[in-house]
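Novice: Just so you know, we're using this note's numbering here: the sequence shown kicks off at 65 and counts up by one.
Glycine residues also receive a C-beta, built at the ideal position from the N, C-alpha and C atoms.
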Amino acid sequence: MKKLLTLLVACLTGLTAFSQSMVEDALRLSRSVASIDAGQVALKRSDDSVFTILDKYYQSDVNNIKSDLRDAFAENPFLTVSGGGDAFNWQAAAATGQAFVGDALNYVGGLNVTNLADALAIVVVNRLKTELNQQFFEEFEEQLKKTPELEKLFPNTYMLLTTIDQDIYDYESYIPALRQAFNTDYRNLYQKVETLLNSPKFKEYLNKAPEVAAVVGAALITSKLVSHDKSPAAVISGIADAAGSGSKGIDGLFKTVGLIAKSLQNSVNAVEGAWVGMDSVKKLVNNPAALRIYVGLLYQTSAKIELGGGKTLQAELDTLGVNNQLNKIADMVVLVSSAVNEVEELVAQYKADTSLKGYNKYYDYYESYTSLIKTLATSVDTIFHLNIDNRINQYYAVSQNLGNIYLNVNEGNYTGAITNLVTTINIIDSNGAVMSKPVVQLLLRYGTFMAAMVEAQTSQQMAAVLETYILPSGSSTMKAKTARLLTLNSYIGGFYAWKTDQTDSAKKSAGLSLPVGPNFSFGLGSNKVLGAISVFVPIVDIGAFGAYRLSDTSTAALPAVKLSNIFAPGIMLGFNRLFNTPLTLMGGIQKTPPLQTISASGATYTENSWRYQVSLVWDIPLFNLYYKPKK
């Protein structure tokens, strides 16, 4: 209520200033000049308006006002009153007073309100952004609560938003804490991915898709073993030992890869490293007897390896021998031996390079390891015609993305990390059986928002992030939560109208509306469809300024606009808080504001006609005047 009184006092002060304006009085008196002699202006004694004005500057005896004023101004070197002293004409004075009132109203209507209207438009646009920011955080909290996958990935954010809960309207004060929670969740994202993929929903899905399960299992083992600084031989052996998803083709592939890799490991002479040297491999492939013996040893140790489709590794090796195609095995051994020795050399170089950070070394290891495993798997697939190259590529893609998540998290590139995670989920769960497309979109939306907020270095950058990611509500919730509420309110949105006094061709119109005026609402509580019903009485409509400021917030100089140009009285019935958002459906009658558009280059105007209209708008309360809480 104090705000309302302040507003009224400001308005009354403005009118009082007008009634005492010496400039206006001087201009009006200049119409009653009788003569000018030696620089002294003599005013007509016959014009009673002269005495009405001059009386403000000298408190005269009402019974003899003209004589007193002549005496009072007789010594004024600039101004005097001519002639004798007739009785004061009160009727004429009353008429003059009415003229003043008319002039006052015309003056108010002609006030230059450009800066005021523009400032109000900027305030409403900024408030709109704040309202939308609040709604975004409310939705974020709600989605975390009902989406277990998001909760698993971002537990700290979930806990903080749940703790804030009803205080979310004051989200700005929690921004530092939220950023810290976002950062903590991202620092742990790499570990949380495994938690997500081992969740009951994913396990249920993978049990029904054994080939995908085999790929995911191999990728996770690769990631885990490399992160524990295991050698290439240990990583490949780990994948082979864990193969048991139920997909004979994929399991057989990785077991065969493990067998081939093991056959090339040097377990006798530690001086030569983990793998046999290339010299020994060349001797093997160039000696037919030695090569056949090598294949025989593979055959002997592969009795339990099934390749899917009724194939076994033993049977496939036997077929190669019968068809004199052991050269295929020789070519594979040379290729694999070359690849593993290159990886070992790279690992040795990385370990010797002390300038590389730990996570950079890890990622370089990881790149070389996954490429090696892909080379091995592709060779096995080609020789034995398994036709599962798509699963090999899937393994490689998932593994690469897991590695990229690790690298991006450690480098603080959280936006890249969340993109890698979403890509991984789309590869594994391409049909949305576990995480539907809308859920994945939520993950990407909120994940990139969190990342951008943490990566922002300045308050301006954070403000830009909020503007980029935000969508709908805020203090408009008061309308639903109170029994009665009186606000000075603004609404911004589109309208469709029928003018009452135009030709048929010009009756219908549409555009952006930004009315401002008192709003009285009746709250309906927690209704999910409709939160409140209100009666809105617009006084002015600054839609032209709002439309301009939505696209240009920097230009300062705008054409002069009078109050009469934005005066748009009316009455509306509003249905507020539609679907628990600030969205409002309104309908009623309003005077069309003459000002239609404005920009730095000029303004356009139309006739000030009445119109019936419906509008879909965002509710932007400016401040509360009165409210009655619900019982």
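Could you check the C-alpha separation between Asn405 and Val411 for me, to the nearest Å?
Specialist: Rounded to whole angstroms, Asn405 to Val411 spans 10 Å at the Cα level.
Novice: Give the single residue among Ala611, Gly308, Tyr269 whose Cα lies nearest to the Cα of Ala497.
Specialist: Comparing Cα positions, the closest option is Tyr269.
Novice: Which runs of the alpha helix (DSSP H) spanning at least 4 residues fall entirely within the stretch 296-326, listed in chain order?
Specialist: List check, alpha helix (DSSP H) in window: 296-306.
Novice: Smallest Cα separation from Leu627: which of Ile447, Pro658, Ile662, Leu323?
Specialist: It is Pro658 whose Cα lies nearest to the Cα of Leu627.
Novice: Where Asn457 and Glu431 are concerned, what is the direct C-alpha to C-alpha distance, given to the nearest angstrom?
Specialist: Asn457 and Glu431: Cα-Cα distance of roughly 14 Å.
Novice: Cβ atoms of Phe643 and Lys592: under 8 Å apart, would you say?
Specialist: The answer is yes: Cβ separation under 8 Å.
Novice: Under the three-state reduction of DSSP, which class applies to Glu203: helix, strand or coil?
Specialist: Helix at Glu203.
Novice: Taking 6 Å as the limit between beta carbons, can you name the residues of its chain near Lys67, skipping five residues before and five after?
Specialist: Interpretation of Lys67 is limited by its pLDDT of 43, a score under 50 that renders its predicted location unreliable; the figure taken from the coordinates is listed afterwards. Result list for Lys67: Phe687, in chain order.
Novice: What are the start and end residues of each continuous beta strand (DSSP E) run of 3 or more residues lying completely inside the stretch 320-394, in chain order?
Specialist: Here the runs fully enclosed are 370-372.
Novice: Report all residues from its chain with a CB closer than 7 Å to the CB of Leu169; omit the five preceding and five following residues, and keep chain order.
Specialist: Note that Leu169 scores a pLDDT of 43, beneath 50, so its modelled location is shaky; the value from the coordinates is reported in the next line. Excluding residues within five positions, none has a Cβ falling inside 7 Å.
Novice: Excluding the five sequence neighbours on either side, which residues of its own chain have a C-beta within less than 7 Å of the C-beta of Asn220, listed in chain order?
Specialist: Only Ala245, Thr248, Asp249 meet the Cβ criterion.
Novice: Is there contact between the stretch 361-378 and the stretch 306-313, where contact requires at least three CB pairs shorter than 8 Å?
Specialist: The stretch 361-378 vs the stretch 306-313: in contact.
Novice: Rounded to the nearest angstrom, how far is the Cβ of Val473 from that of Arg251, given a contact under 8 Å?
Specialist: Yes, Val473 and Arg251 are in contact; Cβ-Cβ is about 7 Å, under 8 Å.
Novice: Tell me whether the beta-carbon of Phe434 lies closer than 8 Å to the beta-carbon of Tyr460.
Specialist: Going by the sequence as given, residue 434 is Thr instead of Phe. Yes.
Novice: If you measure between the beta carbons of Val601 and Ile635, is that distance less than 8 Å?
Specialist: A contact, by the Cβ cut-off of 8 Å.
Novice: Hey, quick one: how far does the beta strand (DSSP E) through Ser577 stretch, first residue to last?
Specialist: 572-577 is the span of the beta strand (DSSP E), which, as asked, contains Ser577.
Novice: Between which two residues does the beta strand (DSSP E) containing Lys272 stretch?
Specialist: Element bounds for Lys272: not the beta strand (DSSP E) but the alpha helix (DSSP H), 264-272.
Novice: If you compare alpha carbons, which of Asn262, Gly581, Asn468 is closest to Phe631?
Specialist: That would be Gly581, whose Cα lies nearest to the Cα of Phe631.
Novice: Taking the alpha carbon of Thr483 as the reference point, which residue from Tyr222, Asn465, Phe318 has its own alpha carbon closest?
Specialist: With distances taken between Cα atoms, Thr483 lies closest to Asn465.
Novice: Taking just the CA atoms, how far does Asn553 sit from Lys655?
Specialist: For Lys655 and Asn553, the distance between alpha carbons rounds to 18 Å.
Novice: Out of curiosity, what's the CA-to-CA distance linking Asp125 and Glu139?
Specialist: Bear in mind that a pLDDT of 49 at Asp125, under 50, signals an unreliable position, so the number given afterwards is only what the model happens to contain. So the alpha carbons of these two residues sit roughly 19 Å apart.
Novice: Between the C-alpha atoms of Val400 and Val290, what's the straight-line distance to the nearest angstrom?
Specialist: One C-alpha to the other measures close to 19 Å.
Novice: Rounded C-beta distance between Arg641 and Ser540? I'm assuming under 8 Å.
Specialist: Rounded, the Cβ-Cβ distance is 6 Å, consistent with contact.
Novice: Kindly indicate which residue of Thr259, Leu118, Met514 has the alpha-carbon position closest to the one of Gly476.
Specialist: The shortest Cα separation from Gly476 among Thr259, Leu118, Met514 belongs to Met514.
Novice: Below 8 Å on the Cβ atoms is my guess for Ala338 versus Ser295; work out the distance and round it to an integer in Å.
Specialist: Confirmed, about 6 Å.
Novice: DSSP three-state label for Met499, please.
Specialist: Coil.
Novice: Taking the alpha helix (DSSP H) that Gly467 falls in, what are its first and last residues?
Specialist: Unbroken alpha helix (DSSP H) run through Gly467: 453-475.
Novice: Using 8 Å for Cβ pairs, my map puts Ser679 next to Lys563. What's the rounded Cβ distance?
Specialist: Not quite, the Cβ-Cβ distance comes to about 15 Å (not below 8 Å), so this is no contact.
Novice: Nearest to Ser598 by CA position, among Ala574, Met542, Gly607, is which residue?
Specialist: Ser598 has its Cα closest to that of Met542, out of Ala574, Met542, Gly607.
Novice: Does the Cβ of Phe142 have 16 or more other Cβ atoms within 10 Å, making it buried, or fewer, making it exposed?
Specialist: Exposed, since its Cβ has fewer than 16 Cβ neighbours within 10 Å.
Novice: Roughly how many whole angstroms lie between the Cα atoms of Leu530 and Lys326?
Specialist: For Leu530 and Lys326, the distance between alpha carbons rounds to 54 Å.
Novice: So what does DSSP say about Lys592, is it helix, strand or coil?
Specialist: Note: Lys592 maps to coil in three-state DSSP.
Novice: Could you tell me whether the Cβ atoms of Val321 and Val444 are closer together than 8 Å?
Specialist: Cβ atoms of Val321 and Val444: closer than 8 Å.
Novice: Using the three-state DSSP reduction, which class does Lys563 fall into: helix, strand or coil?
Specialist: The answer is strand: DSSP assigns Lys563 an E or B state.
Novice: Give the secondary structure of Ser696 by DSSP, where H, G and I count as helix, E and B as strand, and everything else as coil.
Specialist: Lying outside 65 to 695, the shown extent of the chain, residue 696 is not represented and no answer is given.
Novice: According to DSSP, simplified to helix, strand and coil, what is Ile606?
Specialist: The answer is coil: DSSP assigns Ile606 none of H, G, I, E or B.
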